[in-house]
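Below: the structure, in structure tokens.
In the UniProt record's numbering, the protein residues as written are 1 to 133.
As structure tokens, then:
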């Protein structure tokens, strides 16, 4: 689909991460033997940062500010694109690999560091807030 480009923020509609926000890292419209449907590689938030107040200690603030991430290859029918974009192309271009467990773990750490830096800097605020429904 033409509008599903890398950087588009989507909401998962089914599965374990239903209701969670994610970003398209790679989009594939062509079908292959392994996946006979259009699919995308998504990097999303598994666990959102919790609310922080002024009276908390530094330790509890850092713990509450942690972002949990996931990497998934998902059918186009199982997520809902939003109007928001998040520019990740420079940082993640060609560095994400989910072919085997060890490479996926390294890629996940990279995405976690990137999301954590974005959250701490205060960028993309809407992306890091839980969807209320």
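Idealized CB from N, CA, C, for every residue including glycine.
Open item on the list: Please classify residue 86 as buried or exposed, where buried requires at least 16 other C-beta atoms within 10 Å of its C-beta.
Closed with: buried
- [ ] Classify residue 127 as helix, strand or coil using the three-state DSSP reduction.
- [x] helix
Task: Pair within 7 Å by beta-carbon distance, residue 98 and residue 80 - done: no
Open item on the list: If contacts are defined as beta-carbon pairs under 8 Å, then residue 25 and residue 4 qualify, I think. What distance do you get, rounded to the angstrom?
Closed with: Not really, about 11 Å apart at Cβ, beyond 8 Å.
Task: Delimiting residues of the beta strand (DSSP E) encompassing residue 28 - done: 21 to 28
- [ ] Return the chain-ordered list of same chain residues with a C-beta closer than 6 Å to the C-beta of residue 64, the five sequence neighbours on each side being excluded.
- [x] 50, 52
Open item on the list: Please tell me whether residue 115 and residue 74 are closer than 7 Å, where the distance is taken between their beta carbons.
Closed with: no
Task: Option in 19, 92, 119, 121 with minimal Cα separation from residue 107 - done: 92
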